[in-house]
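These notes concern the structure reproduced below.
The structure is reproduced here in structure tokens:
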């Protein structure tokens, strides 16, 4: 099993550009999450999904969108990139709520 | 809303010294999880505590869950350079909330 994979690893965007961060898991997990981690800070939940076709907002959803058309994939969309979205983005998954979360390697995004 | 506070923010120890990080929640938790993130890496699950007053050990690491299920601690005995990284607690109330983490640096 590859676990949770994320692409790209690094990306530099200009203000106003858009992009999609990809996340795929091969563990047949129902729950998937997107977090952002700013330097020296903890993880802030952006969006989460409890299964295909079901998504919901987390703590910091503004400026982002998600979709969950399959169990495996949970892409995160940035429509109009802003410098405040410079961060490291982690995708995570778990089989059931309350279980341990498995994290992907992260995407380092810089918006200039 | 639910908040999880973690202290200290940063600790620099000499190799062989002990290390403790503390986690406090504003609400009663269903369980608490601990994760470790190596520099440049991603969070990796260490352990989950569920019961009031629970204590679990993993080699030199000891994890405790408070009687009121609102606080937790991670203690590392005789730190090694391989222990460097950021240790996060994450508490489940009505949702999973991560603490800000404690950065551990070990000087050899």
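Residue numbers (our numbering), protein chains in the order written: chain A, 78 to 189; chain B, 368 to 475.
Cβ atoms here follow ideal geometry from the backbone N, Cα and C, with glycine treated the same way.
Less than 8 Å between CB atoms is the rule here; does residue i satisfy it with respect to chain A?
{"i": "residue 389 of chain B", "result": "no"}
{"i": "residue 334 of chain B", "result": "The requested residue 334 of chain B is not part of the displayed model; chain B covers only 368 to 475."}
{"i": "residue 439 of chain B", "result": "no"}
{"i": "residue 468 of chain B", "result": "yes"}
{"i": "residue 459 of chain B", "result": "yes"}
{"i": "residue 412 of chain B", "result": "yes"}
{"i": "residue 455 of chain B", "result": "yes"}
Hey, residue i and residue j: beta-carbon distance below 8 Å or not?
{"i": "residue 157 of chain A", "j": "residue 98 of chain A", "result": "no"}
{"i": "residue 440 of chain B", "j": "residue 389 of chain B", "result": "yes"}
{"i": "residue 399 of chain B", "j": "residue 457 of chain B", "result": "yes"}
{"i": "residue 402 of chain B", "j": "residue 386 of chain B", "result": "no"}
{"i": "residue 464 of chain B", "j": "residue 381 of chain B", "result": "no"}
{"i": "residue 104 of chain A", "j": "residue 126 of chain A", "result": "no"}
{"i": "residue 469 of chain B", "j": "residue 406 of chain B", "result": "no"}
{"i": "residue 155 of chain A", "j": "residue 135 of chain A", "result": "no"}
{"i": "residue 404 of chain B", "j": "residue 368 of chain B", "result": "no"}
{"i": "residue 180 of chain A", "j": "residue 409 of chain B", "result": "yes"}
{"i": "residue 159 of chain A", "j": "residue 188 of chain A", "result": "yes"}
Residues in the same chain with beta-carbon distance under 6 Å from residue i, minus the five sequence neighbours each way, listed in chain order, please.
{"i": "residue 128 of chain A", "result": "107"}
{"i": "residue 467 of chain B", "result": "373"}
{"i": "residue 474 of chain B", "result": "381"}
{"i": "residue 148 of chain A", "result": "129"}
{"i": "residue 428 of chain B", "result": "443"}
{"i": "residue 421 of chain B", "result": "432"}
Would residue i pass as an interface residue toward chain B - the criterion being a Cβ-Cβ separation below 8 Å?
{"i": "residue 109 of chain A", "result": "no"}
{"i": "residue 80 of chain A", "result": "no"}
{"i": "residue 181 of chain A", "result": "yes"}
{"i": "residue 120 of chain A", "result": "yes"}
{"i": "residue 162 of chain A", "result": "no"}
{"i": "residue 175 of chain A", "result": "yes"}
DSSP beta-bridge partners for residue i?
{"i": "residue 378 of chain B", "result": "B/471"}
{"i": "residue 463 of chain B", "result": "B/459"}
{"i": "residue 127 of chain A", "result": "The partner list for residue 127 of chain A (beta bridge, DSSP) is empty, contrary to what the question assumes."}
{"i": "residue 164 of chain A", "result": "A/186"}
{"i": "residue 169 of chain A", "result": "A/110 and A/180"}
Residues in its own chain within less than 7 Å of residue i by CB, not counting five upstream and five downstream?
{"i": "residue 84 of chain A", "result": "99"}
{"i": "residue 164 of chain A", "result": "113, 114, 115 and 186"}
{"i": "residue 416 of chain B", "result": "398, 399, 423, 430, 432 and 439"}
{"i": "residue 78 of chain A", "result": "103 and 104"}
{"i": "residue 384 of chain B", "result": "446"}
{"i": "residue 461 of chain B", "result": "369"}
Skipping 5 residues on each side, what residues in its chain have a beta carbon closer than 8 Å to that of residue i?
{"i": "residue 86 of chain A", "result": "182, 183, 184 and 185"}
{"i": "residue 138 of chain A", "result": "123 and 124"}
When you compare the CB of residue i with every CB in chain C, is at least one pair closer than 8 Å?
{"i": "residue 102 of chain A", "result": "Absent from the structure: chain C. Protein chains present are A and B."}
Please determine if the segment 78–94 of chain A and the segment 132–147 of chain A are in contact, where contact requires at least 3 C-beta pairs separated by less than 8 Å. no
At a cut of 8 Å, does the segment 443–452 of chain B reach the segment 158–176 of chain A through at least three beta carbon pairs? no
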